[in-house]
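Chemist:
In our numbering, the protein residues as written are 755 to 989.
Given below as structure tokens:
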């Protein structure tokens, strides 16, 4: 009897190369962004943040002395420390003043319950929810009711707003690439490698568990302007 169990090895699906902007394209995009969303997009590109990591930043996560950002509960519930561009520090200080203004306003509202915090931290630091350090760095402009508890809180920017604003900026700038918030992170990684950063350093900045995930950006460089030279250029 003929056996049909041939034990063929399944071929691996080739990883799709990410869309990456040039530094000039990043400048064009940023120049056309709504001012309200400029800083958050600048952090996503300048520090390699995912959109949810950016919107969930709290005031305490910014370390001006060491020029870094603490990223908590990233993908896979991981914590990492990422670089902070010196050029963004004045804007960040100003943003924290804005957050403080919101907080002072909210504290005058008797219904305000403070910012949302994980249950364990609420138990450990009962007054932290109304302290400046724990407020979201990018707060919503309106108070809202917590869907679980019904308490009145000020949440952070919704990630969909960032997507919409980046889409608008792409259209205004005339860029023809398919650009999303995650493209800023892809561009951060590629530009670091392009400027001579070690692959392990980039891996740590991105929070990748496996360096193979980070190596996708070396493929972008090898297949683009830093890799094969077109024969047309030699004519």
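The C-beta atom is built at its ideal place from N, Cα and C for all residues, glycine as well.
Do you know how far the Cα of residue 896 is from the Cα of residue 913?
Modeler: About 15 Å.
Chemist: Name the DSSP bridge partner or partners of residue 899?
Modeler: 906.
Chemist: Once you ignore the five residues that flank residue 795 on each side, which residues in its own chain have a CB closer than 6 Å to its CB?
Modeler: 787.
Chemist: Helix, strand or coil for residue 708 per DSSP?
Modeler: Past the boundaries of the shown model lies residue 708; the chain is included only from 755 to 989, so the question cannot be answered.
Chemist: For the beta strand (DSSP E) that contains residue 837, what are its first and last residues?
Modeler: Here the beta strand (DSSP E) through residue 837 covers 834-837.
Chemist: Hey, how far is the Cα of residue 952 from the Cα of residue 942?
Modeler: Spanning the two alpha carbons is a distance of roughly 14 Å.
Chemist: Whole angstroms are fine: how far does the CA of residue 848 sit from the CA of residue 890?
Modeler: Going from the Cα of residue 890 to the Cα of residue 848 covers about 14 Å.
Chemist: Starting from the N-terminal side, write out each stretch of the alpha helix (DSSP H) that is 4 residues or longer and does not extend beyond the segment 938-968.
Modeler: Runs of the alpha helix (DSSP H) inside the segment 938-968: 953-960, 965-968.
Chemist: Identify every run of the alpha helix (DSSP H) within the segment 797-831, keeping only runs that are complete inside it and at least 4 residues long; order them along the chain.
Modeler: Runs of the alpha helix (DSSP H) inside the segment 797-831: 805-809.
Chemist: Can you tell me the Cα-Cα spacing of residue 830 and residue 961, whole angstroms?
Modeler: Cα to Cα, residue 830 sits roughly 9 Å from residue 961.
Chemist: Which whole-angstrom value is the C-beta distance of residue 1000 and residue 783, which I expect to be below 8 Å?
Modeler: Only positions 755 to 989 of the chain appear in this structure, which leaves residue 1000 out of reach.
Chemist: With a threshold of 16 other CB atoms inside 10 Å of the CB of residue 840, please say whether the residue is buried or exposed.
Modeler: The residue in question, residue 840, is exposed, as its Cβ has fewer than 16 Cβ neighbours within 10 Å.
Chemist: What residue ranges within the segment 853-904 form continuous alpha helix (DSSP H) runs of no fewer than 4 residues, ordered along the chain?
Modeler: Those alpha helix (DSSP H) runs which fall completely within the segment 853-904 and span 4+ residues are 873-878.
Chemist: Are the beta-carbon atoms of residue 791 and residue 919 separated by less than 7 Å?
Modeler: Their beta carbons are under 7 Å apart, which means residue 791 touches residue 919 by this criterion.
Chemist: Alpha carbon to alpha carbon, how far is residue 954 from residue 932? Give it in angstroms, no decimals.
Modeler: In a straight line, the C-alpha of residue 932 is about 28 Å away from that of residue 954.
Chemist: Are there 16 or more other CB atoms within 10 angstroms of the CB of residue 944, so buried, or fewer, so exposed?
Modeler: So residue 944 counts as buried.
Chemist: Beta carbon of residue 894, beta carbon of residue 908: below 7 Å?
Modeler: Cβ atoms of residue 894 and residue 908: closer than 7 Å.
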